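Undergrad:
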Amino acid sequence: MAAVVVSGGIGNALGGKPNKTVDKAMLLRGERCPRIVFRLGIVYLCKSSLERASRCVQQVILLLPSLLVADDEQSKSRLQFLLWVLLALRSQYGMLDDGARFHIISHLIRETVNCGKAMLATAIVGRDDAHDWGINSKDAGSIQNLIQKDRVLAAVADEFKYLNTLLTDRSRQLLELRARLDENASLEMTNKKAFEDEIHICLNTVLSSDESRRTLFQFAHEEDQQNVAEKWIHMFRTLIDERGPWSANAFPNSVVKHWKLDKTEDAWRRRQKLRRNYYFDDKMCHPPSTAFSNEDTLAVNENKDSFVGHIPEQMKRFLLKGVRRITDEGSSESGENDAETGAQKVSTSEDPMESQCSELAKGSSDQKDVMQDIKDSSSSSQETESSEELISVPCVLVTPKRKLAGKLAVMKKFLHFFGEFLVEGTGGSAVFKNFDASSNSDVTKLEEKPKSLKWSIHVNFGPQKGVSADNVDTANENVHQRQLKYVKRHRRWNIGKIKAVHWTRYLLRYTAIEIFFSDSVAPVFLNFASLKDAKEVGTLIVSTRNEFLFPRGSSKDKSGTIMFVDRRVALEMAEIARESWRRRDITNFEYLMILNTLAGRSYNDLTQYPIFPWVLADYSSDVLDFNKSSTFRDLTKPVGALDLKRFEMFEDRYRNFSDPDIPSFYYGSHYSSMGIVLYYLLRLEPFTSLHRNLQGGKFDHADRLFQSIEGTYRNCLSNTSDVKELIPEFFYMPEFLVNSNSYHLGVKQDGEPIGDVSLPPWAKGSPELFVSKNREALESEYVSSNLHHWIDLVFGYKQRGKPAVEAANIFYYLTYEGAVDLDNMEDELQRSAIEDQIANFGQTPIQIFRKKHPRRGPPIPIAHPLYFAPDSINLTSIVSSTSYPSAVLYINILDSNIVVVNQGLTLSVKLWLTTQLQSGGNFTFSTFQQDPFFGVGSDVLSARRIGSPLAENIELGAQCFATMQTPTENFLISCGNWENSFQVISLNDGRMVQSIRQHKDVVSCVAVTADGSILATGSYDTTVMVWEVLRVRGAEKRVRSTQTELPRKEHVIAETPFHILCGHDDIITCLYVSVELDIVISGSKDGTCVFHTLREGRYIRSLRHPSGHALSKLVASRHGRIVFYADADLSLHLYTINGKHLASSESNGRLNCVELSECGEFLVCAGDQGQIVVRSMKTLDVVKKYNGVGKVITCLAVTHEECFLAGTKEGNLLVYSIENLQMRKGGVPRSVKSKSSLT
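Reminder that position 205 of the sequence shown reads as 204 in numbering that gives the first Met the number 0, one-by-one numbering, no gaps.
Next comes the structure, spelled out in structure tokens:
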């Protein structure tokens, strides 16, 4: 009813019209409706205008019949109370409006009495004047008499009670309303707060996304700048080096050059090469006038003439301007790509000058956001998919020079590492606890940096100044800050080039992995926070690599997939290697390197460097006699037990040692530690600098330095604190024995200055001869027969437990894995101290073998006849190469086929029939049961003409051809065409499948890497171009939409080279290229031989023929030996891969072919004399001469079995093979087709 009144006014509420709303209100209100109507009527009579009061009365009168229906006592009392109230109102308000209101109220009274007379009648039963009621009802007094006091009082009480109840209800409702209001207010506040939080989160997300994009751009831009700066420096040095067009010191010159170790590893994990050290510190060549401080040690000469050369200042300013433009910085310093580079050249920079060229702002943010979608600088716009981050994990990149903490992101096509801070000390588990703090500081620093992309090269890194696991002092932070400024923080590696991922140890905990690559990139060693992280990342890298190279659903051969090398796989690999070694399929050196790798020994971690044994005991004789056992060290005993007198002291200590916490031990020092490595490699950078840093910025006392082989060995026999073994470099790298950089190493107490290492008399003063003899001793029969004993001690069952005690092979307990539980050690200081001990005092390798190692099998002389039995090789057959004899220009063995090219460019492919060596030395042969045991079979591809017309004056020879093996097909590369191209010819059908023309003049020579992945071409235009072999020849498809069917163009080799190498001044005449050694060697007509790196195309050095004659032939072995030959002086000249001349020898006649045996130890030559001459690649001494048939030999090939195939000028093929009647037993052919027959 109240709602009706509010919405429709009092008139509508009291109207007599049948209103649904009014009826509904009355229905809802019940007994309250009369009360409300009467109250509203009273209000109108008292307060409203006369007109409205009159209208109200009329409307109330209309409602009276429905309001006065009930006939109960309460209603009677209420009626009387209403009449009493109306009378009271009339008396009080009746005089208003000149008495008009009196009549209105009286009218309402009368109508009320009339409507309620029935109820009033029952109230006055028994009165005599009842019949006069209607007559006298107008009389006020009579109406007053109708009102009974008790009923009015009852009504008043009822009304009062009603009002109290109503008040209570209103109070309750008010409280409920307030509660609802409070609840609604609280809900509104909650919703408002949630909305504000949501807005805040959205805003933070937007800001974070924007900041991430900005930082992402900064990082991508930084990486781009690093790469561009490196390319500029490469171009810069190409222009100004000794072979460059702007060189102030053209080759040859007398400028002193300094060198450092190149970390390129070959298949045997040998690091044989040196690279130019452009920022050699001259202070190390002079006596120290004052003690160097730690900061002085880190400082470098930033204004080196060796970098820019002695070039005019105007040109120097022009060249350096390019660097300033790259980096938006006025510094005149430039960058150099370090040997640690990955496939994309994003490595650590060693040199401050080069770093300053490429050093950029290092703003850090959340690295997961930062590193996601980082693009490769060379193709960032095309490789969005490859930038999808699969995982990002904090880790420490461990290198010999430094430890860099950062995050590794595994992406679909590459690995990306971003370094955040340098780590001091051991780089143990505490690094990862400081990692988040450093990252947070980096974020704060990033917010403080101006939003500008023009960064200074000399950036203040704030909290990134070498956060240390050992909490280094603030005093050293500036030094570390300078160091970080010289470190390239982005590293990138092509995931498709990974060949192995090993799970390994760091500080005796299995928290690290080491990644090995197939393209001569140095291995990468990463330490993680936990064992779980290391395994997960290693497994993911392997699966991503396999998926990248062998996508699911592809038809590719899955034989190239790899497994994550965990401990189980490592043990299986060790078993396989052991059997190969026992069968003599691999050398002792190879086997020891395999065991070192599987045992967790790494070149990257100096605390667990590869271990090799002392094999010789005679360092005083003039001549080594390998037939005497006294020449060799006793390999059944550890170094500490070699001298009996000293061993008694060790044994006494072991038996009498008593400590409740430390187990007994024989030897307090170890046979391998960081100090030992730096002791041996003192003269070779970067180990020289590392040695000085370890010694507080200076060299150790001269008398304690490595100065004599004999003295060092004797000290290992007599000094109770010296039981060290050797390192691999003793068996392949003579350069570490020579003070080639002229360091001032000090003066001994007897006044003798320290220079080169003093060698034994039998080395004749030659480091190369010493290393050669040491390696020969390692491969000798005595060592081969006893090496398994030493393996038992170091890698096998005598390493630990009771067998170790019996072999007196017990070292201090902290050198063993599992001696302490670092993971559960709560005391940080104690853990740090133990980690320092582990890092500095040696670590025993992972135990590989639990059982006794078998002895090596007996030698099989016939398996390597050039080494064991050169006399067993004889001329066994003569075969005509074609139906129309012509000079044989080229011959080679490929996949059991003989590829022959004759004069007139006639190609033919024949079957090579060969024996197969089985275990135990027995040979098997084909079912023909005929001599010779090696022979030329029938044609696989009949003779046919190939190629285009030759250029004028081209001297066609073996240098113009090369064979190339791919997974699907084999090809012949041919050059010398008049159109300046080279051609790719299928050996399946003789068709030319590709012709490439990029050189500006005739292509004069070609060379292919051993794995067939890279092709190099030399030209008359004096350049060398290096090409990638795509390896896949697509199936030929023909277009049917035209009447003439056109074969689709097939690409076996990339259409454009990835390197164009310059530096020669004359025609390129010979080439050698090797992925394993990461080198391209080119010889030219002016007698110079130029070395470049294969991956980077970086110039290394030049050699010159002693007489300046044109180079005709060039060969290089995997062992780092190079031989070139010139027709003009008929002499062979032998050099090391690092440019040292070793020997020269006359050939006694013109040589037409110079080849290497597969083992690389022998040089096989032939020429106009008609003889084949075998020489040693160590000295060029003649090993054996094989007579021919008096015909000029024009080409030559050495087979896997060390047989010779020679082509003659008359077109015949000569087969030189082993001939031994004891071998002639029936067997199974190795590769003989049914149509084959001996010729």
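Where a beta carbon is used, it is the ideal one built from N, C-alpha and C, also for glycine.
As the structure is a prediction and not an experimental result, all values here were calculated from the model.
Taking a contact to mean a Cβ-Cβ separation below 9 angstroms, would you say LEU1131 touches THR1178 in this structure?
TA: It is not a contact, given that the beta carbons lie outside the stated cut-off.
Undergrad: Give the straight-line distance between the Cα atoms of LEU107 and LYS46, rounded to the nearest whole angstrom.
TA: Straight-line Cα distance between these residues: approximately 16 angstroms.
Undergrad: Is TYR883 buried or exposed, if buried means 16 or more other CB atoms sit within 10 Å of its CB?
TA: Exposed, by the Cβ-count rule.
Undergrad: Would you mind stating whether LEU49 and ASP96 have Cβ atoms separated by less than 9 angstroms?
TA: Cβ distance < 9 angstroms, so LEU49 and ASP96 count as in contact.
Undergrad: Mind reading off the beta-carbon distance from ARG691 to ASN738? Whole number of angstroms is fine, and I expect it under 8 angstroms.
TA: Actually they are not in contact, since the Cβ atoms of ARG691 and ASN738 sit about 14 angstroms apart, beyond 8 angstroms.
Undergrad: Please classify LEU912: is it buried, with 16 or more other beta-carbons within 10 angstroms of its beta-carbon, or exposed?
TA: The residue is buried, with at least 16 neighbouring Cβ atoms inside 10 Å.
Undergrad: If distances are taken between C-alpha atoms only, which option among VAL520, ASN545, ALA1165 and PHE159 comes closest to ALA957?
TA: Answer by Cα proximity: ALA1165.
Undergrad: Verify whether the separation of the beta carbon atoms of ARG632 and LEU643 is less than 9 angstroms.
TA: Contact flag unset, no.
Undergrad: With DSSP collapsed to three states, give me the class of ILE45.
TA: Sequence inspection shows Cys at residue 45; the Ile mentioned does not correspond to that position. CYS45: helix per DSSP, three-state reduction.
Undergrad: Which class does GLU1200 belong to by DSSP, given the choice of helix, strand or coil?
TA: Residue state, collapsed to three classes: coil.
Undergrad: Measuring alpha carbon to alpha carbon, tell me which residue in ARG269, ASP157 and SER1012 is nearest PHE729.
TA: When each option's Cα is compared against that of PHE729, the closest is ARG269.
Undergrad: Between the region 1063–1072 and the region 1112–1125, do at least 3 Cβ pairs fall closer than 8 angstroms?
TA: Short answer: they touch.
Undergrad: Assign HIS220 to one of three DSSP states: helix, strand, or coil.
TA: Correct three-state label for HIS220: helix.
Undergrad: In angstroms with no decimal places, state the Cα-to-Cα distance between LYS256 and ARG236.
TA: The alpha-carbon atoms of LYS256 and ARG236 are separated by roughly 14 angstroms.
Undergrad: Could you have a look at ARG1100 and say whether DSSP puts it in helix, strand or coil?
TA: Correct three-state label for ARG1100: strand.
Undergrad: By the DSSP assignment, the beta strand (DSSP E) with VAL939 in it spans what residues?
TA: 934–944 is the extent of the beta strand (DSSP E) around VAL939.
Undergrad: Which residues mark the beginning and the end of the alpha helix (DSSP H) in which ILE104 is found?
TA: Residues 99–114.
Undergrad: Can you give me the C-alpha to C-alpha distance between ASN276 and ALA1196, rounded to a whole angstrom?
TA: Going from the Cα of ASN276 to the Cα of ALA1196 covers about 39 angstroms.
Undergrad: In terms of DSSP beta bridges, what is TRP911 paired with?
TA: Beta-bridge pairing links TRP911 to VAL935.
Undergrad: Whether or not the region 696–704 and the region 742–753 are in contact is what I'm after, with contact meaning three or more pairs of Cβ atoms, one per stretch, closer than 8 angstroms; do they touch?
TA: Because the criterion of three Cβ pairs below 8 angstroms is met, the region 742–753 and the region 696–704 touch.
Undergrad: Tell me which residue opens and which closes the alpha helix (DSSP H) that LEU693 is part of.
TA: Unbroken alpha helix (DSSP H) run through LEU693: 686–693.
Undergrad: Rounded to whole angstroms, what is the Cα-Cα separation between GLU1239 and LYS402?
TA: Limits of the chain in this structure are 0 at one end and 1238 at the other, which puts residue 1239 out of reach.
Undergrad: When you compare only the Cα positions, how much space is there between ALA468 and ASN433?
TA: Confidence at ALA468 is low in this model, with a pLDDT of 36, below 50, so its placement is unreliable and no value can be given for it.
Undergrad: Sort ILE892, SER947, SER941 and SER879 by Cα distance to GLY903 and report the nearest one.
TA: Per the Cα distances, SER947.
Undergrad: In terms of residue numbering, what span does the beta strand (DSSP E) encompassing VAL983 cover?
TA: Here the beta strand (DSSP E) through VAL983 covers 981–985.
Undergrad: Taking just the CA atoms, how far does PHE250 sit from SER1101?
TA: Roughly 8 angstroms between the two C-alpha positions.
Undergrad: When you compare the region 833–846 with the region 779–799, are there three or more beta-carbon pairs, one atom per stretch, that lie closer than 8 angstroms?
TA: Yes: at least three Cβ pairs fall under 8 angstroms.
Undergrad: Taking only three categories from DSSP, how would you classify VAL3?
TA: Bear in mind that a pLDDT of 41 at VAL3, under 50, signals an unreliable position, so the number given afterwards is only what the model happens to contain. Three-state result, VAL3: helix.
Undergrad: So what does THR962 bridge to, in DSSP terms?
TA: DSSP, once it has assigned bridges, lists LEU971 as partnering THR962.
Undergrad: Are the Cβ atoms of GLU709 and TYR781 separated by less than 9 angstroms?
TA: No, the pair does not count as a contact, with Cβ atoms beyond the cut-off.
Undergrad: Determine which residues share a DSSP beta bridge with GLY1017 and list them.
TA: Partner(s): CYS1004 and VAL1023.
Undergrad: Closest to PHE664 by CA distance: which of ALA807, ARG566, PRO759 and SER994 is it?
TA: When each option's Cα is compared against that of PHE664, the closest is ALA807.
Undergrad: Whose C-beta lies closer than 7 angstroms to the C-beta of PHE611 among residues of the same chain, with five residues either side of it excluded?
TA: Cβ within range, chain order: LEU591, GLU724, LEU725, ILE726, PRO727, PHE729 and PHE730.
Undergrad: So the alpha helix (DSSP H) GLY710 belongs to, where does it begin and stop?
TA: Segment 708–717, the alpha helix (DSSP H) holding GLY710.
Undergrad: In chain order, what residues of the same chain have a beta carbon less than 7 angstroms from the beta carbon of PRO33, not counting five sequence neighbours either side?
TA: Excluding sequence neighbours, PRO33 sits near LEU66.
Undergrad: If you follow the alpha helix (DSSP H) that HIS788 is in, where does it begin and where does it stop?
TA: Unbroken alpha helix (DSSP H) run through HIS788: 780–793.
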